[in-house]
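Taking our numbering, the leading residue of the sequence shown gets 601, the next gets one more, and so forth. The beta-carbon is built from N, C-alpha and C at its ideal position, and this holds for glycine as well. These notes concern the structure reproduced below.
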Amino acid sequence: TDGIGLGAARLLAAKGHDILVHGRNPSKLESVHQQLTSEFGNSVSIKTYCADLSNLPEVDKLATTIIERHTNLDVLINNAGVLRTANPITKSLLDVRFVVNTLAPYHLFKRLETLIGPTGRVINISSAAQATVNLKALEGIVQLGEAMEAYSQSKLAITMWSKACALRPNAPTMISVNPGSLLATKMVKEGFGIDGKDLSIGSEIVCRAALSTTFANKTGQYYDNDAGRFGSPHQDCVDSTKVEALLASIEQVLANEMN
């Protein structure tokens, strides 16, 4: 409902695409719905969905609602992200950075994959900040001391599972994107105390990743918008042992949370 996500939604709507907008705050969602409807009228359909992505059962309900109301999705953009927060540990004792930045996107993808199909795309927002994942931290067994430590690990994790899932039969086109470092998002302002760079840098590359033919045959790859090209992510993304261990941990945490 703000930042890169809202900017991308506006760009996609301007190109005539129907939009499903997710947000955590009902009043902000309603405001965004009014903004986009005022801008684009009846030329596109704007639907809103409210869910707290730090609550995995709520993420599951969100996916169920979308499945009940829609027969297909062309693109899923996993854009929500958390760096600093007053309550970094959830009621389930999981680090909220892993939940919002890694686990919730994975669960949404898995639940919605049949609606997306092999012709669709999944755009996962990664980061230039990537660090080897402590699986015990992802599983809530240990806590990480620094917000940036958890954030960078969560962003490597989403990059790793993006590449791994792209290799599965009949998978959608899966692309992880670093939209640009230190853009003027709320997360950057609160986390680093700076205004940041033009938000449109991030919104435009996300829109391109969702629609451009340039990205159509790049499944499993990582796009670094700081460099303006596809590039090599962290070395752990090509370490099959680490990737398999990460996927097993993700599946186990999700199974625990859904019971």
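Quiz item: By how many angstroms is the C-alpha of A651 removed from the C-alpha of N778?
Solution: 24 Å
Exercise. Look at the Cβ atom of Y823, then the Cβ atom of S776, and state whether they are nearer than 9 Å.
Key: yes
Quiz item: So what's G831 in DSSP terms, helix, strand or just coil?
Solution: Of the three classes helix, strand and coil, the one that applies to G831 here is strand, per DSSP.
Exercise. Any chance you could list the alpha helix (DSSP H) runs of at least 4 consecutive residues sitting entirely within the segment 737-772, in chain order?
Key: 747-766
Quiz item: Is the segment 643-659 in contact with the segment 697-708, if contact means three or more CB pairs nearer than 8 Å?
Solution: yes
Quiz item: On the three-state DSSP scale, how would you describe G603?
Solution: Helix, per DSSP.
Quiz item: In terms of residue numbering, what span does the alpha helix (DSSP H) encompassing I716 cover?
Solution: 704-716
Quiz item: Between Q860 and S762, is the Cβ-Cβ spacing less than 9 Å?
Solution: Residue 860 lies beyond the stretch modelled for the chain, which goes from 601 to 859, so this question has no answer here.
Quiz prompt | Under 9 Å between C-beta atoms of N678 and L636 | solution = no
Quiz item: Going by C-alpha distance, which of I741, N856, I794, M748 is nearest T685?
Solution: M748
Quiz item: Can you tell which of R721, L694, L683 has its C-alpha closest to the C-alpha of N734?
Solution: L694
Self-check item: DSSP beta-bridge partners of G623
Solution: C650
Practice problem: With distances taken Cα to Cα, identify the nearest neighbour of N856 among E739, T814, A771. | Solution: Out of E739, T814, A771, E739 has the C-alpha closest to the C-alpha of N856.
Quiz item: Grouping DSSP H, G and I as helix and E and B as strand, with all else coil, what is I677?
Solution: strand
Exercise. In the DSSP assignment, find the alpha helix (DSSP H) that holds V843 and state where it starts and stops.
Key: 840-858
Quiz item: Quick one: what's D836 bridged to in DSSP?
Solution: In DSSP, D836 forms no bridge with anything.
Quiz item: Hey, quick one: how far does the alpha helix (DSSP H) through R684 stretch, first residue to last?
Solution: From DSSP, R684 is part of no alpha helix (DSSP H); its letter is neither H nor E.
Exercise. Return helix, strand or coil for N778, following the three-state DSSP convention.
Key: strand
Practice problem: Give the range of the beta strand (DSSP E) segment to which V806 is assigned. | Solution: It is not in any beta strand (DSSP E) - V806 instead sits in the alpha helix (DSSP H) that spans 800-811.
Exercise. My understanding is that M774 touches A766, with C-beta atoms under 8 Å, so please give their C-beta distance in whole angstroms.
Key: Contact between M774 and A766 is confirmed by a C-beta separation of about 4 Å, below the 8 Å threshold.
Quiz item: Looking only at its own chain, which residues have a Cβ that is under 7 Å from the Cβ of L847, when we skip the five neighbours before and after it?
Solution: Cβ within range, chain order: W761, A764.
Quiz item: Can you tell me where the beta strand (DSSP E) with I689 in it begins and where it stops?
Solution: No beta strand (DSSP E) holds I689; DSSP gives it neither H nor E.
Quiz prompt | Residues bridged to K797 [DSSP beta-bridge criterion] | solution = As a beta-bridge residue in DSSP terms, K797 pairs with L783.
Quiz item: What is the rounded straight-line gap between the Cα of P769 and the Cα of A810?
Solution: 21 Å
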